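Residue numbers (my numbering), protein chains in the order written: chain C, 1 to 296; chain A, 1001 to 1665. Each remark here refers to the structure printed beneath this line.
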């Protein structure tokens, strides 16, 4: 689940200390840490240890939205082409990476020790790895208690939302992204959204196989297979697509649409960590309850 | 004459069986699609309603759209081929589809209001720009078929790289743009049919009215002019019609490659000869071809998932078809008809003038190592800071420089080898093969930097071997080798874009590779590049005589005692190897290999040896400069260096070719 690519021996030692319930080294909390991955970034911010540098912050603030990244964090440029010079000049003592960026790891190791997490892997549900990553980051940065608290809070929040959703739980949900006015991308059981649905006591209406979280492109006509489901429409919505759909007789004939089961929710990073999971759970619940109220 | 007509009619009669068979196959497959549609899990009443929605708002419009798009592309292809007198002209080989795609990509990322206002208009502008560019590149060269298609494919490649860059910068649009790029026929309304059917009808009428010019366009220019046809006006009218039609299809359903190429070719195979016959046969065959392909991807997929976007599937068929069609391309460039601009200029420079050039490169390289931007703005890196940054700036610079040098050498080889000034290493298909290798590695190997390297190297090598086996055949001239490379490249890119349409993590890594960046270059990459430079460039200097003689044409070379086939194979292998290493370092799509040899020639280095060395140095220098600028202009964000180099060199190249063409008449 966690790749011990950095310093396996030290990590092992830390784990032993943790298991023995010994206090953490005091200096660990002030470790200058940088990251090249968004799911790590949001976890770091959520645990109250924002990194010194992270990639593509402009897009992050637009797409992942929360948690809010402090202004002091240095923007490292695109995730695909992280600016190594700037990362070096940020002088991190530890770089947290993910399986997404394996090809860059030799470069990163030049700058500081690297520890890599693998939350998203083909055919494996991401929730437990996200929890494990949160714990590992907490342990590494000396905020293990905060990490455990955050995980517990997340579970508690899911429990509260599950209660609120009980009256609506008979209906499945299909989480989709619109590709254009004719296609969508669907998130299956092995996606973050699928995992959250399970924890909210809701069924994912898309029961077919998906590889690597999502399946695309699928023709919009496939929605006739899930006439009873809530359609959770996750941004970004391509420009002009909704206008075209509003005129489409197919779209308007779908029972989901006629009966007000299209949920337009806020932007979420589909490849996020626990903060993204919590955001999805909250936004989905709000949208479902609002839709129910609108139906009367 | 009458006898000929009778024979044609007999042939057509004999072929009518084949026509019926093709039509039957299309109908049967469509029937199978309708019969095997998945059952719907709903209450019987609801299921009945949904069934009818599905049938009448999705399956039927899709089937009709396939027929109309196929017919439109067939008609457009036939018009292109006739007006350009080019049997391999098509919306995909002329860069029309990619131009439209790039325009839509840029508009959706930066001006969504434009798309909402008129998606169609944006696509038309992009398509027109691409055609103007391609034909502009070739106008003064008399629109030689091979060269037109060559520049069309180059324009397509650059447009693809530019699209990839825009998508990378606007990450979340990946999905929508790649579905569109791969061309999908899924429909949920009759909108596409209603938009395209009138255009198809209008175009068919216009084409019928243009029948006389169309017939005459098949003749020699002088004869046509003698018969009172204002040639340019007629050509432009037909061309405009075809572009409009092809761009309309692209705007509605995305890039559907090669149908416009295949339909007229098959029509000729089935005996259509006169423009009148072609006017009926090409659209009819196009319609059936696309319908069959579309039914096949639906039947081979599962549930509602198609096996692949239809557009990608047509490209998979189209690549091999292009290879097969090559034998019909007339050898327009007779061996002696070497591009006049290759003649050595009188004021040719000597090798000594390379010294200042080398000095200049050293200066740029030094500047690249010490001057940069940091959190506090611009700054000179000295002392400890210099040594801290060196492990990042050094390998990057070395990789960029080595890639530039290799591409310069490969380009020079390709252009000498084919006596075609628009040949370049990018069109060999080798670098696109790297993409397929990368895709396979990402799918089947455990992720790691080894998988990335092994994938790209393995893929390039596989395509390289195929190309060499192909090149070793005695009947293959250099022009056909180039075309085979293009077909191979199109095939590989179709596979890559199908994978990218999935919009998953692999798509992201493929995009990073496609856009081309030296950012990740480390010691391994730097040493690979430098070693390849030494291992590939030094032997070339021993093969200078080959390079001197080959452009003189096959007969001349042979009479001067040159082992033509063997030397060609050797040089092609060297060029392909250099390209493979370079694409590993800077991605598949920089134009340096195309541009550097021209810059060398303009600078006055005319002899083979001088031009080769100058092209290597210029490639190296431009790439180092591009790399340095690419990491500075939008700091901390970075522009992919390959694209940046293309943006620097591309416009200059066009200006150069037109100027050169004008001077040489």
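Note that CB positions come from ideal geometry on N, CA and C, so glycine has one too. As the structure is a prediction and not an experimental result, all values here were calculated from the model.
So that I know if they touch, is there some Cβ in chain A lying closer than 8 Å to that of residue 103 (chain C)? In the first chain, the residue the question calls residue 103 (chain C) occupies position 103. So, interface residue.
For residue 231 (chain C), three-class secondary structure by DSSP: What you label residue 231 (chain C) is simply residue 231 of the first chain in a count that begins at 1. Strand.
How would you label residue 1641 (chain A), buried or exposed, when you count the other beta carbons within 10 angstroms and need 16 or more for buried? Position 641 of the second chain holds residue 1641 (chain A). Buried is the call here.
On the CB-based measure, 16 or more other CB atoms within 10 Å of its CB, does residue 1045 (chain A) come out buried or exposed? The sequence position of residue 1045 (chain A) within the second chain is 45, counting from 1. Residue 1045 (chain A) comes out exposed.
Buried versus exposed call for residue 250 (chain C) [16 or more other C-beta atoms within 10 Å across all chains shown]: Within the first chain, numbered from 1, the residue matching residue 250 (chain C) stands at position 250. It counts as buried.
Does chain C have any CB closer than 8 Å to the CB of residue 1374 (chain A)? Reading the second chain from its first residue, position 374 is the one you call residue 1374 (chain A). Taking Cβ atoms only, chain C reaches closer than 8 Å to residue 1374 (chain A), which makes this a yes.
Skipping 5 residues on each side, what residues in its chain have a beta carbon closer than 8 Å to that of residue 28 (chain C)? For the purposes of this step, residue 28 (chain C) is taken as the residue at position 28 of the first chain. For residue 28 (chain C), the predicted model reports a pLDDT of 44, less than 50, meaning its position is unreliable and no value from the coordinates is stated.
What residues in the region 39-59 of chain C have a beta carbon less than 7 Å from any beta carbon of chain A? 59
Proximity to residue 1377 (chain A) [Cα-Cα], best of C:130, C:89 and C:205: Residue numbering aside, residue 1377 (chain A) sits at position 377 when the second chain is read from its first letter. Closest option to residue 1377 (chain A), Cα to Cα, is C:89.
Output, in sequence order along the chain, the residues in the region 68-80 of chain C whose CB is closer than 8 Å to any CB in chain A. 74, 75, 76, 77, 78, 79 and 80
How should residue 297 (chain C) be labelled, buried or exposed, when 16 other C-beta atoms within 10 angstroms of its C-beta is the threshold for buried? With chain C covering 1 to 296 only, the question about residue 297 (chain C) has no answer from this structure.
Where the region 1376-1397 of chain A meets chain C: residues whose CB sits under 8 Å from a CB there: If you check each beta-carbon in the region 1376-1397 of chain A against every beta-carbon of chain C, the ones closer than 8 Å belong to 1388, 1389, 1391, 1392 and 1393.
Interface residues of chain C facing residue 1040 (chain A) [CB-CB closer than 9 Å]: As a working note, residue 1040 (chain A) is residue 40 in the second chain. Result: 224, 225 and 227.
Could you tell me whether any Cβ in chain A is nearer than 8 Å to the Cβ of residue 127 (chain C)? As a working note, residue 127 (chain C) is residue 127 in the first chain. No - not a single Cβ of chain A is within 8 Å of the one on residue 127 (chain C).
Of all Cβ atoms in chain A, is any one closer than 8 Å to the Cβ of residue 230 (chain C)? Taking the first residue of the first chain as position 1, residue 230 (chain C) is located at position 230. Answer no: the Cβ-Cβ gap between residue 230 (chain C) and chain A never drops below 8 Å.
Buried or exposed: which applies to residue 1387 (chain A), given that a residue is buried once 16 or more other Cβ atoms fall within 10 Å of its Cβ? By one-based count along the second chain, residue 1387 (chain A) stands at place 387. The residue is exposed, with fewer than 16 neighbouring Cβ atoms inside 10 Å.
Between C:248, C:209 and C:266, which has its C-alpha nearest residue 187 (chain C)'s C-alpha? Numbered from 1 along the first chain, position 187 holds the residue referred to as residue 187 (chain C). Among C:248, C:209 and C:266, the Cα nearest to that of residue 187 (chain C) belongs to C:209.
Please list, in chain order, the residues of the region 1103-1120 of chain A that have any C-beta partner in chain C closer than 8 Å. Going along the region 1103-1120 of chain A in chain order, one finds 1108, 1112, 1113, 1115, 1116 and 1119 with a Cβ nearer than 8 Å to chain C.
Per DSSP, what kind of secondary structure is residue 292 (chain C) in: helix, strand or coil? Mapped onto the first chain, residue 292 (chain C) falls at position 292. Note: residue 292 (chain C) maps to helix in three-state DSSP.
Nearest to residue 1315 (chain A) by CA position, among A:1282, A:1360, A:1261 and A:1357, is which residue? As a position in the second chain, residue 1315 (chain A) is number 315, starting the count at 1. Cα-wise, what sits closest to residue 1315 (chain A) is A:1261.
At a Cβ cut of 9 Å, what residues of the region 239-261 of chain C count as close to chain A, listed as they run along the chain? 239, 240, 241, 243, 244, 245, 247, 248, 249, 250, 251, 253, 254 and 255
Taking Cβ-Cβ distances below 8 Å as the criterion, which residues of the region 1495-1521 of chain A are in contact with chain C? 1501, 1502, 1503, 1504, 1505, 1506, 1508, 1509, 1511, 1512, 1515, 1517, 1519 and 1520
Under 8 Å from the C-beta of residue 161 (chain C): neighbouring residues of chain A: Here residue 161 (chain C) corresponds to residue number 161 of the first chain, with the count starting at 1. Within chain A, no C-beta atom comes nearer than 8 Å to that of residue 161 (chain C); the closest sits roughly 26 Å away.
Got a sec? Which residues, its chain only, sit under 8 Å from residue 161 (chain C) by beta carbon, not counting five neighbours each side? Position 161 of the first chain, counted from the start, is the residue given in the question as residue 161 (chain C). Taken in chain order, the residues that qualify are 200, 281, 282 and 285.
For a cutoff of 8 Å on Cβ pairs, would you count residue 188 (chain C) as touching chain A? Locating residue 188 (chain C) in the first chain gives position 188, counting from the first residue. No, its Cβ sits nowhere closer than 8 Å to a Cβ of chain A.
For residue 56 (chain C), name the three-state secondary structure that DSSP assigns. For the purposes of this step, residue 56 (chain C) is taken as residue 56 along the first chain, with counting starting at 1. Of the three classes helix, strand and coil, the one that applies to residue 56 (chain C) here is coil, per DSSP.
Residue 85 (chain C) versus chain A: which residues are under 8 Å apart at the beta carbon? The residue labelled residue 85 (chain C) in the question sits at position 85 within the first chain. Result: 1372, 1374, 1389, 1392, 1393 and 1631.
Just to confirm my understanding: we take residue 1357 (chain A), look at its own chain, exclude 5 residues before and 5 after, and list those with CB closer than 6 Å. What are they? Here the question's residue 1357 (chain A) lines up with position 357 in the second chain. Taken in chain order, the residues that qualify are 1617.
Interface partners of residue 1169 (chain A) on chain C, CB under 8 Å: On the second chain, residue 1169 (chain A) is found 169 positions in, with the first residue counted as 1. Under the 8 Å cutoff, chain C gives 78.
Leaving aside the five residues before and after residue 92 (chain C) along the sequence, list all residues of the same chain whose C-beta is less than 8 Å from its C-beta, in chain order. The residue given as residue 92 (chain C) occupies position 92 in the first chain. Within the same chain, residue 92 (chain C) has close Cβ partners 32, 33, 34, 51, 52, 53, 111 and 112.
According to DSSP, is residue 74 (chain C) part of a helix, a strand, or is it coil? As a position in the first chain, residue 74 (chain C) is number 74, starting the count at 1. Looking at residue 74 (chain C) - three-state DSSP - the assignment turns out to be strand.
Residues in its own chain within less than 7 Å of residue 1398 (chain A) by CB, not counting five upstream and five downstream? In the second chain, counting from the first residue as 1, residue 1398 (chain A) sits at position 398. The answer, listed in chain order, is 1526, 1529 and 1530.
For residue 956 (chain A), which residues in the same chain have their Cβ closer than 8 Å to its Cβ, ignoring the five residues on either side in sequence? The first residue shown for chain A is 1001 and the last is 1665, placing residue 956 (chain A) beyond what the model contains.
Taking the runs of the alpha helix (DSSP H) that are 4 residues or longer, which of them lie wholly in the region 1504-1537 of chain A? 1505-1515
Against chain A, does residue 88 (chain C) count as a neighbour if the rule is that its beta carbon must be under 8 Å from one of theirs? Along the first chain, one-based indexing puts residue 88 (chain C) at 88. Yes, residue 88 (chain C) counts as interfacial toward chain A.
Between the CA atoms of residue 228 (chain C) and residue 1215 (chain A) - distance to the nearest angstrom: In the second chain, counting from the first residue as 1, residue 1215 (chain A) sits at position 215. In the first chain, counting from the first residue as 1, residue 228 (chain C) sits at position 228. Near 59 Å, if we compare the C-alpha coordinates of residue 228 (chain C) and residue 1215 (chain A).
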